[in-house]
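S.K.: Mind having a look at this structure? Questions to follow.
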Amino acid sequence: ALDIALVEEGLPSLGILSASLARPSLQILKLATVFLWNPIDPFKILEFVSLSVKPLADDLATAIADQMAKTPGLNGEGWNITIRRYFDELALRAANDPSIQVEEIRRQYEFWFERRRYDLSRTVPKRDPIEIFDYVRNWAFKKFDQSGGKNNSLLVLSEQAKRIVELLHALPETELTYLELERIVRTIYEPSPVVFQTCEVGHLPYVLHPSAVVGPVSDLVWWNFSQNEPVHFFSRWYEAERRFLNQKNIYPETPARENARLVWQRRRPFLNTQNRMILVVPEMVDGKAVHPHPLLGDLEAAFQNLDDITFDLGQPDDRRAFEPFFEVPEKIAIPRRRFGKPRPFLHIANPARLAKRDYETLTSLETLFYYPYQWVFKYKIRLHKSSILSVTKDARLMGNLAHRLFEKMFRQDISDWDKDRVEAWIDAEADKLLAREGAVLLMYGREPERVTFLNRMKYAAWSLVSLIQENGWKVRQTEMDLEGNFAGVPVRGIADLVLERGDEYAIVDLKWRGRARRESMIRNEEDLQLVLYAHLLSGERGCAHTAYFIIENGKMVARNDLAFKNITAVAPDAAHEQINADIRARMEATYKWRMAQIEAGKVEIRTKQTAPLLENHYNEEEDPGDIFARLEMKEEDAPFCDYKTLIKPIE
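Okay, so the sequence shown: first residue is 50 according to this note's numbering, each after it adds one.
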């Protein structure tokens, strides 16, 4: 910052080191070895494919990053679909664009993602990392040549990769551990060449450390006069270790001596400056708030008043003192703008232009009922938030993994399985599934979470299997596609688990957590998806039983115990068929009401702030009978809303 400030004022550059132009491309060196090990590190792979410069096609890297963020693993079902779809589409594009080199892109993919990997706790043959860094060296030099020799960072990358290859060849070992390989790469990577700004003739002399001021100086500017040393010191040696070293005539430095040396170093500039010293005290450095230098307190204690020689550039009077010598930036006061009150409705001038939908899903219908603005933005206007390429959170990841394990388990004939067989099946399948879709839990340090997850899965799996067996059910299908008609509109959905018992059906919706919430939904007759699932499955032939199964604690949550005995029913005496019919009737009335609003160009924006306004509006404009015939509306903000900045001010 100092050098930039001097250059801006027309003074010669000091030649102070700047950020390395090579550093971004050198990220490849420290990430390349991640492809050698099992289990994989999804965070590093995600970082690798997100690099701006990488030996992988950009569009392929984007597809891999998106898939890795959803299911952190390799060669799972979703992974294979993504890769197959990418190369199919690439072949179609290549037919019209001869510049697309399909085979080269495929070779890149196979080199990184289909190579042999080695157990992280063991060793890797030296030839494998040599092959990787030799590949990086050749690729970087080729890219440098193709750029016309303009991108010097690629040349630096090629040379650094070459140095790693030479160092690996020079080692007598034929096998390397993970830590040994990391140490070798860091040896080359850390001291990488730094690009210096050219030193110009006539520049001011400077030093980078206070203790370097070893002789008399007439005038001195101390840039960034702020605290950048540790405020406390801890001994690196135990007392017993120190006594042992002292007996060997080795005397490690004590914290007291280290602190005394630091105090001595701080004073050098003050004691050696003869005429004038200018202390520049910033509030922030590198975007972070900083504390003043410790010696500032000593100065304030030594002098009665520093105000006469202190200039705050944030104050107009102090700023004017610099105006004869510098072009001081002016502060501009930005007038406050009030957002106003959130509006309860969004009016569309031409609603007929909204895109038609071929069908609705159970999720989209629920969005339409309670938060129609989301339905319009997401399904009609098709506004989607940008994907943030980060590995999915643990709770969601474990929910996804649990669904996949249950889906695979219930494809087996579990009618005669006992507890031991269920647990053995979980043990056999879990490692394969985690490697493909949940590699985060296989990483070093994640064993407690992995063990907890597997124990929960074993308990939940046996709980559900035993409930199915004891109540005479058989598995009809997992992830069953359901289609039908609702209020004259085609509807599609996917039921997690469908059971059959003679002429009866039961639909079980698998949830990772949220038992209290599901009980509340059933009690308040808000289990809309289950009701619609039952309608789509049964049609007019009756009413399928419905329930939630909470995987985290292995509990079944249902309205009654007609389908599953020995569970705590939410409303055991309720007539579930009549309740389902009433809920469907309210859903249809709500759907017709919402669609009439939208066709009239009126989109409700329901938030915590607008809910009272909406209730007053409907009480004045509509018949109470119509209101009670519909679903009860929410009074809170929509959970997980992507459109908050569009509908109301950010609080």
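All C-beta atoms in this analysis are idealised placements derived from N, C-alpha and C, irrespective of residue type, glycine included.
Between the alpha carbons of valine 489 and threonine 172, how many angstroms are there, rounded?
M.R.: Taking the sequence shown and counting its residues from 1, one reaches residue 489 at position 440. Taking the sequence shown and counting its residues from 1, one reaches residue 172 at position 123. Computed Cα separation, rounded: 21 Å.
S.K.: Whose CA, out of Ala678, Phe613, Thr226, Phe293, lies closest to the CA of asparagine 520?
M.R.: Locating residue 520 in the sequence shown gives position 471, counting from the first residue. Looking at the Cα atoms, Phe613 is the closest of the given residues.
S.K.: Give the DSSP-derived three-state secondary structure of alanine 509 in the structure shown.
M.R.: For the purposes of this step, residue 509 is taken as the residue at position 460 of the sequence shown. Of the three classes helix, strand and coil, the one that applies to alanine 509 here is helix, per DSSP.
S.K.: Have a look at Arg643, Glu671, Lys651, Asp686 and flag the residue whose alpha-carbon is nearest the alpha-carbon of lysine 657.
M.R.: The residue you call residue 657 lines up with position 608 of the sequence shown. Among Arg643, Glu671, Lys651, Asp686, the Cα nearest to that of lysine 657 is on Asp686.
S.K.: For phenylalanine 274 and valine 330, which I take to be in contact (beta-carbon distance under 8 Å), what is that distance rounded to the nearest angstrom?
M.R.: Counting from one through the sequence shown, the residue named residue 274 turns up at place 225. Counting from one through the sequence shown, the residue named residue 330 turns up at place 281. Confirmed, about 5 Å.
S.K.: How many angstroms separate the CA atom of proline 242 from the CA atom of tyrosine 597?
M.R.: Start at 1 with the first residue of the sequence shown, and residue 242 comes out as number 193. Start at 1 with the first residue of the sequence shown, and residue 597 comes out as number 548. With a pLDDT of 48 at proline 242, under the threshold of 50, the modelled position of that residue is not reliable, and no figure is offered here.
S.K.: Asparagine 277: which of Asp407, Leu417, His258, Glu290 sits nearest, CA to CA?
M.R.: Within the sequence shown, residue 277 is the residue found at index 228, counting from 1. Answer by Cα proximity: His258.
S.K.: With a threshold of 16 other CB atoms inside 10 Å of the CB of serine 439, please say whether the residue is buried or exposed.
M.R.: Translated into positions along the sequence shown, residue 439 becomes position 390. Result: exposed.
S.K.: Alpha carbon to alpha carbon, what distance is there between glutamine 195 and aspartate 366?
M.R.: In the sequence shown, counting from the first residue as 1, residue 366 sits at position 317. In the sequence shown, counting from the first residue as 1, residue 195 sits at position 146. Distance between the alpha carbons of aspartate 366 and glutamine 195 is about 57 Å.
S.K.: Looking at the unbroken beta strand (DSSP E) that takes in lysine 604, where does it start and where does it end?
M.R.: As a first step, residue 604 is located in the sequence shown; it is residue number 555 there, counting from the start. 604 to 607 is the extent of the beta strand (DSSP E) around lysine 604.
S.K.: Note down the Cα distance separating glutamine 76 from valine 185, rounded to an integer number of angstroms.
M.R.: On the sequence shown, position 27 is the one that residue 76 refers to. On the sequence shown, position 136 is the one that residue 185 refers to. Taking the straight line from one Cα to the other gives about 12 Å.
S.K.: Look up proline 242 in the DSSP assignment and say whether it is helix, strand or coil.
M.R.: Reading the sequence shown from its first residue, position 193 is the one you call residue 242. Summary for proline 242: the model assigns pLDDT 48, below 50, so the residue's position carries little reliability; its value from the coordinates is reported in the next sentence. Note: proline 242 maps to coil in three-state DSSP.
S.K.: Would you report the Cα separation of aspartate 465 and valine 557, rounded to the nearest angstrom?
M.R.: Within the sequence shown, the letter at position 416 stands for residue 465. Within the sequence shown, the letter at position 508 stands for residue 557. Computed Cα separation, rounded: 20 Å.
S.K.: On the DSSP bridge list, what partners appear for tryptophan 17?
M.R.: This structure leaves residue 17 out entirely; the chain is present only between 50 and 700.
S.K.: Beta-carbon within less than 7 Å of phenylalanine 40's beta-carbon, same chain only, minus the 5 sequence neighbours each way: which residues are those?
M.R.: The question about residue 40 has no answer here: the residues shown for the chain are numbered 50 through 700.
S.K.: Would you kindly work out how many angstroms separate the C-alpha atoms of arginine 525 and valine 514, rounded to a whole number?
M.R.: Position 476 of the sequence shown holds residue 525. Position 465 of the sequence shown holds residue 514. Taking the straight line joining both Cα atoms gives about 14 Å.
S.K.: Taking tyrosine 692 as the reference, give the member of Gln461, Phe426, Pro621 with the closest Cα.
M.R.: Reading the sequence shown from its first residue, position 643 is the one you call residue 692. Nearest C-alpha to tyrosine 692 among Gln461, Phe426, Pro621: Phe426.
S.K.: Relative to the ligand HEM, is the shortest distance from any of its heavy atoms to the C-beta of arginine 176 smaller than 8 Å?
M.R.: Because no ligand of any kind appears in the structure shown, any question about the ligand HEM cannot be addressed here.
S.K.: What is the DSSP secondary structure of tryptophan 313, counted as helix, strand or coil?
M.R.: In the sequence shown, the residue the question calls residue 313 occupies position 264. Helix.
S.K.: Among Phe418, Arg566, Glu626, Trp128, which has the Cα closest to the Cα of glycine 487?
M.R.: Mapped onto the sequence shown, residue 487 falls at position 438. Nearest of Phe418, Arg566, Glu626, Trp128 to glycine 487, Cα basis: Trp128.
S.K.: So who's on the other strand from threonine 594, going by DSSP bridges?
M.R.: Stepping through the sequence shown from its first residue, residue 594 is reached at position 545. Strictly speaking, residue 594 in this sequence is histidine, with threonine absent from that position. The partner list for histidine 594 (beta bridge, DSSP) reads Ala555.
S.K.: Assuming valine 540 contacts glutamate 409 under a Cβ cut-off of 8 Å, what Cβ separation, rounded to an integer in Å, is found between them?
M.R.: Taking the first residue of the sequence shown as 1, we reach residue 540 at position 491. Taking the first residue of the sequence shown as 1, we reach residue 409 at position 360. Indeed, because the Cβ distance is near 5 Å, the residues count as touching under 8 Å.
S.K.: Considering only residues of the same chain and omitting the five flanking positions on each side of tyrosine 167, which have a CB-CB separation below 7 Å?
M.R.: Working through the sequence shown from its first residue, we reach residue 167 at position 118. So the list reads Leu85, Trp86, Asn87, Val173, once near-sequence residues are dropped.
S.K.: When you compare each of Leu503, Gly542, Gly588 to alanine 630 by their alpha carbons, which one comes out closest?
M.R.: Numbered from 1 along the sequence shown, position 581 holds the residue referred to as residue 630. For the residues Leu503, Gly542, Gly588, the minimum Cα distance to alanine 630 belongs to Gly588.
S.K.: From what residue to what residue does the beta strand (DSSP E) around tryptophan 128 run?
M.R.: For the purposes of this step, residue 128 is taken as the residue at position 79 of the sequence shown. Careful: tryptophan 128 lies outside any beta strand (DSSP E), inside the alpha helix (DSSP H) at 126 to 145.
S.K.: Compare the C-alpha of alanine 189 against each of Asn201, Glu180, Arg495, Glu671 and name the closest.
M.R.: Within the sequence shown, the letter at position 140 stands for residue 189. Cα-wise, what sits closest to alanine 189 is Asn201.
S.K.: Between which two residues does the alpha helix (DSSP H) harbouring leucine 531 extend?
M.R.: Here residue 531 refers to the residue found at position 482 of the sequence shown. Looking at the DSSP string, leucine 531 is not in any alpha helix (DSSP H); the run it does join, the beta strand (DSSP E), is 523 to 535.
S.K.: Measuring only the C-alpha atoms, how far is alanine 112 from aspartate 90?
M.R.: Residue numbering aside, residue 112 sits at position 63 when the sequence shown is read from its first letter. Residue numbering aside, residue 90 sits at position 41 when the sequence shown is read from its first letter. Whole-angstrom Cα-Cα distance: 18 Å.
S.K.: How is the beta strand (DSSP E) around histidine 452 delimited, first residue to last?
M.R.: Here the question's residue 452 lines up with position 403 in the sequence shown. Run containing histidine 452: none in the beta strand (DSSP E); it sits in the alpha helix (DSSP H), 443 to 458.
S.K.: Tell me whether threonine 223 sits in a helix, a strand or coil according to DSSP, three-state version.
M.R.: Within the sequence shown, residue 223 is the residue found at index 174, counting from 1. Coil at threonine 223, not helix or strand.
S.K.: Sort Leu345, Leu362, Ala593 by Cα distance to glutamate 379 and report the nearest one.
M.R.: Residue 379 sits at position 330 when you count from the first residue of the sequence shown. When each option's Cα is compared against that of glutamate 379, the closest is Leu362.
S.K.: If you reduce the DSSP assignment to three classes, tell me which class alanine 382 lands in.
M.R.: Numbered from its first residue, the sequence shown carries residue 382 at position 333. Coil.
S.K.: Take the Cβ of aspartate 52 as the centre, count every other Cβ of all protein chains shown within 10 Å, and call the residue buried at 16 or more, exposed below.
M.R.: Taking the first residue of the sequence shown as position 1, residue 52 is located at position 3. By the neighbour-count rule (16 or more Cβ atoms within 10 Å), aspartate 52 is buried.
S.K.: Tell me the DSSP secondary structure of histidine 218 in three-state form.
M.R.: The residue you call residue 218 lines up with position 169 of the sequence shown. Helix at histidine 218.
S.K.: If you run the structure through DSSP and keep just helix, strand and coil, what is histidine 396?
M.R.: Reading the sequence shown from its first residue, position 347 is the one you call residue 396. Looking at histidine 396 - three-state DSSP - the assignment turns out to be strand.
S.K.: For alanine 479, tell me which candidate among Leu109, Phe459, Leu454 has the shortest Cα-Cα distance.
M.R.: Here the question's residue 479 lines up with position 430 in the sequence shown. Nearest option by C-alpha distance: Leu454.
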